[in-house]
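2 protein chains.
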Amino acid sequence: MAISMYEASAPVFTRMIGNLRNMLVKADAHAKARGYEVDVLVESRLAPDMFPLRRQVQIASDAAKGSMARLAGRDVPSWDDTETTMAQLIERLDKTLEYLAGFSPDQVDGSEERQVVVKTRMRELRFTGLQYLQGFAVPNLYFHVVTSYNILRHNGVELGKMDFLGGT
Amino acid sequence: MAISMYEASAPVFTRMIGNLRNMLVKADAHAKARGYEVDVLVESRLAPDMFPLRRQVQIASDAAKGSMARLAGRDVPSWDDTETTMAQLIERLDKTLEYLAGFSPDQVDGSEERQVVVKTRMRELRFTGLQYLQGFAVPNLYFHVVTSYNILRHNGVELGKMDFLGGT
Chain S
1 MAISMYEASA
11 PVFTRMIGNL
21 RNMLVKADAH
31 AKARGYEVDV
41 LVESRLAPDM
51 FPLRRQVQIA
61 SDAAKGSMAR
71 LAGRDVPSWD
81 DTETTMAQLI
91 ERLDKTLEYL
101 AGFSPDQVDG
111 SEERQVVVKT
121 RMRELRFTGL
131 QYLQGFAVPN
141 LYFHVVTSYN
151 ILRHNGVELG
161 KMDFLGGT
Chain V
1 MAISMYEASA
11 PVFTRMIGNL
21 RNMLVKADAH
31 AKARGYEVDV
41 LVESRLAPDM
51 FPLRRQVQIA
61 SDAAKGSMAR
71 LAGRDVPSWD
81 DTETTMAQLI
91 ERLDKTLEYL
101 AGFSPDQVDG
111 SEERQVVVKT
121 RMRELRFTGL
131 QYLQGFAVPN
141 LYFHVVTSYN
151 ILRHNGVELG
161 KMDFLGGT
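Rendered as structure tokens:
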């Protein structure tokens, strides 16, 4: 017995995207309770040369959908990054959860050795499915979810570690 | 074929702790180049009720060593959290890397169904090895490594995504 590629991807991505969604809902409630425009948070960032919350959420969504598609050998769907409000970002994550739910274990299992090619601005990266999952897809998703959490915490939104870990 | 419990833990933890170590080395060089006391960074935090870098690094270290020990069915070694300088935090991570290197696949493989008990201040959490690894150990480690990265970036240390992903 061991961990299947499906178990190591779909449920992990689904939990993280769902937790990120719940954090945005809490951020929305916090802003309303404090009487400020919630969309201020959407443009908040931790450093001038880091992405704002909006891009962190879009990239987390892209990381989850792109990783599942690549592991399953499907084309990666391209979604325009047009969200400018918290409500739209929550919708984007709902759409992501719906997309993730469309994969079954038989589409992903056995992809350990499947070649995965990721095109970046600089070059093409080539991985086996397993290298891609553990060395790129999973850490990249965690990076953008934790950074979203940190942007919200830095701005006073009341979140705790369990909002991040959730559903364990 | 699938992913073994060892493959899903030791190399992932080792890469992340090694990357965190390298970030601290860069932070040290950055502070020296800018002419400020590097230990200021050690006490930096993103919100008044979040842990400073010092505790983020100690918890990342604890997460890595504790998770490996629990999956292998060993006692979790207790290390005092006495570090107060960047140099000492780097040493702590070196010690963590040494500890992680002491596990072999046969000690960890097959732990998917092993019962893992984690005692928190509030209660005892019980997991199977697989639930523990994916639902707690891995996300918790990423949380503290990414938050360390964000604390350093927020303070102007020149890091990029590859410093976090590293070694892929």
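Those sequence lines, one after another, are chains S and V. Using UniProt numbering, the first residue of the first sequence is number 1, and each one after it goes up by one. Using UniProt numbering, the first residue of the second sequence is number 1, and each one after it goes up by one. Note that beta-carbon positions come from the ideal geometry of N, C-alpha and C, so glycine has one too. Please read all numbers here as calculations on a predicted model, not as lab measurements.
Three-state secondary structure (DSSP) at residue 14 of chain V? Secondary structure of residue 14 of chain V (DSSP, three-state): helix.
Residues bridged to residue 151 of chain V (per DSSP): Per DSSP, none; premise fails for residue 151 of chain V.
Could you spell out where the beta strand (DSSP E) holding residue 128 of chain S opens and where it closes? From DSSP, the beta strand (DSSP E) with residue 128 of chain S extends over 124–128.
Expressed to the nearest angstrom, what Euclidean distance is found between the alpha-carbon atoms of residue 15 of chain V and residue 167 of chain V? Take the alpha-carbon of residue 15 of chain V and the one of residue 167 of chain V: they are about 7 angstroms apart.
Whole-angstrom Cβ separation of residue 171 of chain S and residue 83 of chain S, contact assumed at under 8 angstroms? No answer is possible for residue 171 of chain S: it lies beyond the span of chain S, which begins at 1 and ends at 168.
Cutoff 9 angstroms: residue 105 of chain S Cβ touching any chain V Cβ: Interface flag for residue 105 of chain S against chain V is unset, since no Cβ pair is found closer than 9 angstroms.
Taking only beta-carbon positions, decide if residue 10 of chain S is within less than 9 angstroms of chain V. Not one beta carbon of chain V lies nearer than 9 angstroms to the beta carbon of residue 10 of chain S.
In whole angstroms, what separates the C-alpha of residue 24 of chain V from that of residue 143 of chain S? For the pair residue 24 of chain V and residue 143 of chain S, the Cα-to-Cα distance works out to about 18 angstroms.
Tell me which residues of the region 38–54 of chain S have at least one Cβ-Cβ distance to chain V shorter than 9 angstroms, keeping chain order. For the region 38–54 of chain S, the residues whose beta carbon sits under 9 angstroms from a beta carbon of chain V are, in order, 46, 47, 49 and 50.
Residue 118 of chain V by DSSP, collapsed to three states: which one? Shown here, residue 118 of chain V sits in a strand according to DSSP, grouped into three states.
Pair within 9 angstroms by beta-carbon distance, residue 111 of chain V and residue 71 of chain V: Cβ atoms of residue 111 of chain V and residue 71 of chain V: closer than 9 angstroms.
Whole runs of the alpha helix (DSSP H) within the region 11–71 of chain V, excluding any shorter than 4 residues: You should have 39–42.
Of the residues S/164, S/145, S/157 and S/136, which one's Cα is nearest the Cα of residue 162 of chain V? Ranking S/164, S/145, S/157 and S/136 by Cα distance to residue 162 of chain V puts S/136 first.
Beta-bridge pairing of residue 3 of chain V - partner residues as DSSP gives them: Among the bridge pairs identified by DSSP, residue 3 of chain V is matched with S/3.
Who are the near neighbours of residue 105 of chain V in its chain, counting only those whose CB is closer than 7 angstroms to its CB and skipping five residues on each side? So the qualifying residues of the chain are 4 and 6.
Going by C-alpha distance, which of V/159, V/68 and V/62 is nearest residue 78 of chain V? For residue 78 of chain V, the nearest C-alpha among the options comes from V/62.
Alpha carbon to alpha carbon, what distance is there between residue 98 of chain V and residue 94 of chain S? For residue 94 of chain S and residue 98 of chain V, the distance between alpha carbons rounds to 42 angstroms.
Would you kindly work out how many angstroms separate the C-alpha atoms of residue 103 of chain V and residue 65 of chain V, rounded to a whole number? Approximately 10 angstroms, taken between the alpha carbons.
Relative to chain S, which residues along the region 78–102 of chain V have a C-beta separation below 8 angstroms, given in chain order? Within the region 78–102 of chain V, no residue has a Cβ that lies closer than 8 angstroms to any Cβ of chain S.
Do you know offhand how far residue 159 of chain V's Cα is from residue 148 of chain S's? One Cα belongs to residue 159 of chain V, the other to residue 148 of chain S, and the distance between them is close to 18 angstroms.
Give the C-beta separation of residue 17 of chain V and residue 96 of chain V to the nearest angstrom, bearing in mind that I take them to be a contact with Cβ-Cβ under 8 angstroms. In this structure residue 17 of chain V touches residue 96 of chain V by the C-beta definition: roughly 5 angstroms separates them, less than 8 angstroms.
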